[in-house]
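A.B. asks: Everything in the sequence shown is counted per this note's numbering, starting at 162 for the first residue and increasing by one.
Here a beta-carbon is modelled for each residue, glycine too, at the ideal position from N, C-alpha and C.
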Amino acid sequence: QLSNFAEQVTRVAREVGTEGILGGQAEVQGVSGTWKDLTQSVNGMANNLTLQVRNIAEVTTAVAKGDL
162 QLSNFAEQVT
172 RVAREVGTEG
182 ILGGQAEVQG
192 VSGTWKDLTQ
202 SVNGMANNLT
212 LQVRNIAEVT
222 TAVAKGDL
């Protein structure tokens, strides 16, 4: 489980944090308890970052168009 979790967290961090591929989610099958909680926390963090970047992009686009 640790290996799979580490692979998924690393992938999500790379996609969302480095490559700018928004919306990435860790997919760790068959986990429960702490592993499930950790996976959900990573996914929540990735989702929050994705939403923030998308909101910034929306506002930036509106400012560039003079449409506030």
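Where does Gln190 sit, in a helix, a strand or coil, going by DSSP?
C.D. replies: On the sequence shown, position 29 is the one that residue 190 refers to. Looking at Gln190 - three-state DSSP - the assignment turns out to be coil, as it is neither helix nor strand.
A.B. asks: Which residue's Cα is closest to the Cα of Leu163: Leu183, Ile217, Gln190, Thr179?
C.D. replies: Start at 1 with the first residue of the sequence shown, and residue 163 comes out as number 2. With distances taken between Cα atoms, Leu163 lies closest to Gln190.
A.B. asks: Could you tell me which of Ile217, Thr211, Leu229, Leu199 sits nearest to Asn165, measuring between CA atoms?
C.D. replies: As a first step, residue 165 is located in the sequence shown; it is residue number 4 there, counting from the start. Looking at the Cα atoms, Leu199 is the closest of the given residues.
A.B. asks: May I have the straight-line CA-CA distance separating Ala207 from Lys197, to the nearest angstrom?
C.D. replies: The residue given as residue 207 occupies position 46 in the sequence shown. The residue given as residue 197 occupies position 36 in the sequence shown. Between Ala207 and Lys197, the C-alpha separation is close to 15 Å.
A.B. asks: To the nearest angstrom, how far is the alpha carbon of Lys226 from that of Gly184?
C.D. replies: Walking along the sequence shown from the start, residue 226 turns up at place 65. Walking along the sequence shown from the start, residue 184 turns up at place 23. Between Lys226 and Gly184, the C-alpha separation is close to 26 Å.
A.B. asks: Which of the three DSSP states, helix, strand or coil, is assigned to Gly181?
C.D. replies: The residue you call residue 181 lines up with position 20 of the sequence shown. Three-state DSSP puts Gly181 in coil, outside helix and strand.
A.B. asks: Name the residue from Asn204, Thr211, Ala218 whose alpha carbon lies nearest to the alpha carbon of Val170.
C.D. replies: Taking the first residue of the sequence shown as 1, we reach residue 170 at position 9. Nearest C-alpha to Val170: Asn204.
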